Structure formats: structure tokens, C-alpha cells
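A.B. asks:
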Amino acid sequence: MNAPGLRVAVYTADPLTRAGLVGMLANAAALDVVPCGGRGADVLVAAEDPLEHELPVLRLAVSEQGSLPGVLIAGPLPPSGHRSAATAGVRSLLPHRAVRPERLIAEVTAARSAVESSAGLLAAGYDELVGGPARSSRFHDREIRVLRLIAEGKDTAEIGEAMGYSQRTIKNILHHAQRRLALRNRAQAVAEAIRSGLI
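Heads up: the sequence shown is residues 766 to 964, going by the numbering used here.
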């Protein structure tokens with residue numbers, strides 16, 4: 766007896782895009798696409814119009830299916846769009862031109878077990894796929910120096926002394942990096958710098 770497949774709900778801005786995505790997902794025997802209006806999905810795939818920034822398709826998907834791990838296909842988004850996507854459970858953000866059957870199947874399969882993503886990580890992954898800013902350039906030089914010292918276990922006073930700045934300046938450097946990259950705290954900023962190969 767075959768094990769049940771991963772149930773995928775596909776939401777799009779138009780029926781032609783839906784047909785294309787469903788056709789791509791049909792290449793994977795382990796994936797079962799939920800019929801339109803069906804419930805009980807394990808993973809969401811939402812494809813926005815490339816010029817849409819308000820994420821109406823993703824909002825509809827979440828209102829009908831609940832907050833599930835998902836893959837969002839969209840055009841460039843403002844920081845508020847990245848935050849909304851992360852809050853909705855999106856684990857992967859793909860530009861339209863990066864969607865190929867193998868890639869989509871891999872992202873959908875990984876989404877169910879992937880850890881929650883942050884707005885900063887979604888933006889970074891998107892930028893890599895469109896050839897935008899490299900992850901290594903997301904942090905400014907001073908921020909990298911501060912994060913390296915934090916990773917070495919130094920506190921704010923020690924970092925300020927080592928860099929010749931006041932503690933307030935060190936806190937401001939961190940605050941601006943966290944806000945710009947939509948990171949929640951110092952630990953997440955250090956983790957992102959490590960993943961980027963900066964420290």
C-alpha cells in the first residue's frame with residue numbers, strides 16, 4: 766500500500782498560472798494537489814501577480830487553509846511584504862523566472878519540514894535567485910566587525926572599547942542592521958552573518 770502523499774494547495778492570481786504550477790507538481794508522485802476549494806493541505810503554493818505587493822493571493826490561501834508552511838512566487842517585494850510572507854508561514858520566496866519543475870518540487874517538499882523563516886532570510890534568498898545584492902554585502906563593514914566581536918563572546922562595553930566607539934554607538938549599529946535586515950535580535954544577526962560566511 767502506498768504512503769499518502771504531501772497534500773499541496775495551489776493558489777494563483779489567474780487560472781493559467783495555476784494550470785502551469787499544477788502541471789509541474791504532477792511530476793512528483795509524492796505530491797497530491799488539493800482541488801480548488803479543497804481543504805486539508807500540508808503545504809501552500811501561492812503565486813502572486815509579479816507587480817502585486819499586497820499579497821492578496823497569499824492572504825486568500827491563508828484565510829482558506831490556515832497558516833501552513835508555504836512557497837511564495839512573487840515579484841520584488843518591499844520589506845513589509847517579506848514580513849507578511851514570513852508571518853504567513855512562507856518558507857521560500859521564488860521569483861517567477863526561477864520557477865522550474867525540479868525547483869518547485871524541491872521547495873514544496875522542503876517547506877513542510879523547514880524551520881520558520883524570517884523576512885530577512887526570505888529577502889536574501891530572493892536576491893540570490895535574481896542576482897541582486899549578494900548575502901555577503903547585506904551587512905556593512907562596521908556591522909560585520911561588531912558581529913564578529915559578539916561571536917567571540919564580547920559584551921557591548923568590550924566591543925565599544927575594541928572599536929573606539931561608545932556603547933550607545935555599538936547598540937545603534939546593531940539596531941540599524943537588525944531593523945534593515947528584519948532580524949529579531951543579536952543572536953539571529955550573528956547566525957545570519959555566519960550563514961553568509963562573514964564570521
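Glycine included, C-beta positions come from ideal geometry on N, C-alpha and C. Here the structure is a predicted model, which is why all the values come from computation and not from measurement.
What's the C-alpha gap between R945 and T934?
C.D. replies: For the purposes of this step, residue 945 is taken as the residue at position 180 of the sequence shown. For the purposes of this step, residue 934 is taken as the residue at position 169 of the sequence shown. For R945 and T934, the distance between alpha carbons rounds to 16 angstroms.
A.B. asks: For R824, which residues from the same chain have a beta carbon less than 6 angstroms from its beta carbon, with the 5 sequence-adjacent residues on both sides left out?
C.D. replies: Taking the sequence shown and counting its residues from 1, one reaches residue 824 at position 59. Cβ within range, chain order: n/a, list empty.
A.B. asks: Indicate whether the contact test is met: 3 or more Cβ pairs, each with one atom in the stretch 850 to 857 and one in the stretch 828 to 838, closer than 8 angstroms.
C.D. replies: yes
A.B. asks: How far does the beta strand (DSSP E) with P780 in it reach, from first residue to last?
C.D. replies: Along the sequence shown, one-based indexing puts residue 780 at 15. Here P780 belongs to no beta strand (DSSP E); instead the alpha helix (DSSP H) covers 780 to 790.
A.B. asks: Pick out whichever of H847, V810, I924 has its Cα sitting closest to the Cα of A784.
C.D. replies: The residue you call residue 784 lines up with position 19 of the sequence shown. Of H847, V810, I924, the residue nearest in Cα terms is V810.
A.B. asks: Just verifying my parser: in three-state terms, what is the DSSP assignment at A774?
C.D. replies: Stepping through the sequence shown from its first residue, residue 774 is reached at position 9. Of the three classes helix, strand and coil, the one that applies to A774 here is strand, per DSSP.
A.B. asks: What three-state label does DSSP hand G846 in the structure shown?
C.D. replies: Your numbering for residue 846 matches position 81 in the sequence shown. Three-state DSSP puts G846 in a helix.
A.B. asks: Check whether the Cβ atoms of A781 and H818 lie closer than 8 angstroms to each other.
C.D. replies: Walking along the sequence shown from the start, residue 781 turns up at place 16. Walking along the sequence shown from the start, residue 818 turns up at place 53. One detail in the question is off: residue 781 reads as Leu in this sequence, not Ala. Cβ atoms of L781 and H818: not closer than 8 angstroms.
A.B. asks: What distance in whole Å lies between the Cβ atoms of V799 and V873, which are believed to be in contact at a cut-off of 8 angstroms?
C.D. replies: The count along the sequence shown starts at 1 and reaches residue 873 at position 108. The count along the sequence shown starts at 1 and reaches residue 799 at position 34. That pair is no contact at about 12 angstroms.
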